[in-house]
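Basically my numbering = 1-based index in the sequence shown + 334. Just below is one structure, and these are the notes that go with it.
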Amino acid sequence: MAMKIRLARGGSKKRPFYRIVAADSRMPRDGRFIEKLGTYSPLLAKDSEDRVKMNVERVQYWLDQGAQPTDRISRMLEAAGIKEKTERSNPKKGTPGKKATDRVEEKAAKATAAAEAAAAPAEEAPAEEAPATEAAAE
335 MAMKIRLARG GSKKRPFYRI VAADSRMPRD GRFIEKLGTY SPLLAKDSED RVKMNVERVQ
395 YWLDQGAQPT DRISRMLEAA GIKEKTERSN PKKGTPGKKA TDRVEEKAAK ATAAAEAAAA
455 PAEEAPAEEA PATEAAAE
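Okay, structure coming up:
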């Protein structure tokens with residue numbers, strides 16, 4: 335039997351509340367579970383003690399029995415100090431999205447156009463002044 339430690343959603347619409355449960359991985363998310371290990375209330379402040387409550391002894395028991403925590407649960411266990419931190423790789427984390435890159439390209443194109451427009455009259459102005467000074471000298 336493949337065991338998971340995962341979240342089972344409860345609460346009403348737009349007011350989520352989760353139970354941390356040990357369940358067979360083949361069971362539905364909110365369906366049958368073997369044991370309730372704690373609760374998670376995402377609407378509470380991040381520094382609130384009541385946000386995540388778990389029975390650490392029972393969680394450790396299920397981990398020793400081979401239960402695999404889901405990604406969110408493993409992050410909670412790392413924050414609680416039960417599990418060592420794992421290095422995660424997200425190579426696309428710092429790259430901007432399509433709209434942001436389009437904005438940057440558009441801004442760069444406008445800047446180069448403005449620089450060319452500013453440089454073009456500056457080059458033409460001395461050429462126009464030269465005949466005027468020649469005419470004044472004569």
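Note that the Cβ used here is the ideal one computed from N, Cα and C, for glycine as well.
Which residues DSSP lists as bridging residue i, in chain order
{"i": "GLU369", "result": "ALA356"}
{"i": "ALA445", "result": "Answer is none; ALA445 lacks a bridge partner."}
{"i": "ARG385", "result": "The partner list for ARG385 (beta bridge, DSSP) is empty, contrary to what the question assumes."}
For residue j and residue i, the rounded distance between their alpha carbons
{"i": "ILE354", "j": "ASP364", "result": "11 angstroms"}
{"i": "ILE339", "j": "THR429", "result": "33 angstroms"}
{"i": "GLU450", "j": "GLU440", "result": "15 angstroms"}
{"i": "LYS433", "j": "ALA452", "result": "29 angstroms"}
{"i": "GLY415", "j": "ARG409", "result": "10 angstroms"}
{"i": "ASP405", "j": "ARG422", "result": "11 angstroms"}
{"i": "GLY431", "j": "TYR395", "result": "43 angstroms"}
{"i": "GLU383", "j": "LYS427", "result": "30 angstroms"}
Among the options, nearest to residue i - alpha-carbon criterion
{"i": "GLY345", "options": "LEU371, GLU369, ARG366, SER375", "result": "SER375"}
{"i": "LYS370", "options": "LEU341, ALA379, ASP384, MET361", "result": "LEU341"}
{"i": "VAL393", "options": "PRO403, SER359, ARG385", "result": "PRO403"}
{"i": "LEU397", "options": "ALA379, PHE367, LEU411", "result": "LEU411"}
{"i": "ASP381", "options": "ARG360, ALA413, TYR395", "result": "ALA413"}
{"i": "GLU418", "options": "ASN424, LYS427, PRO425, ILE407", "result": "ILE407"}
{"i": "LEU348", "options": "PRO362, SER359, LEU377, ARG360", "result": "The residue asked about is misnamed: residue 348 is Lys in this sequence, not Leu. Minimum Cα distance to LYS348 is reached at LEU377."}
{"i": "PRO362", "options": "ARG385, MET337, VAL386", "result": "MET337"}
Residue i burial status per 10 Å Cβ neighbour count (16 or more: buried)
{"i": "VAL438", "result": "exposed"}
{"i": "GLY372", "result": "buried"}
{"i": "ALA357", "result": "buried"}
{"i": "VAL390", "result": "exposed"}
{"i": "ALA443", "result": "exposed"}
{"i": "ALA401", "result": "buried"}
Sequence ranges, alpha helix (DSSP H) only - wholly within the region 402-436, length at least 4: 405-414
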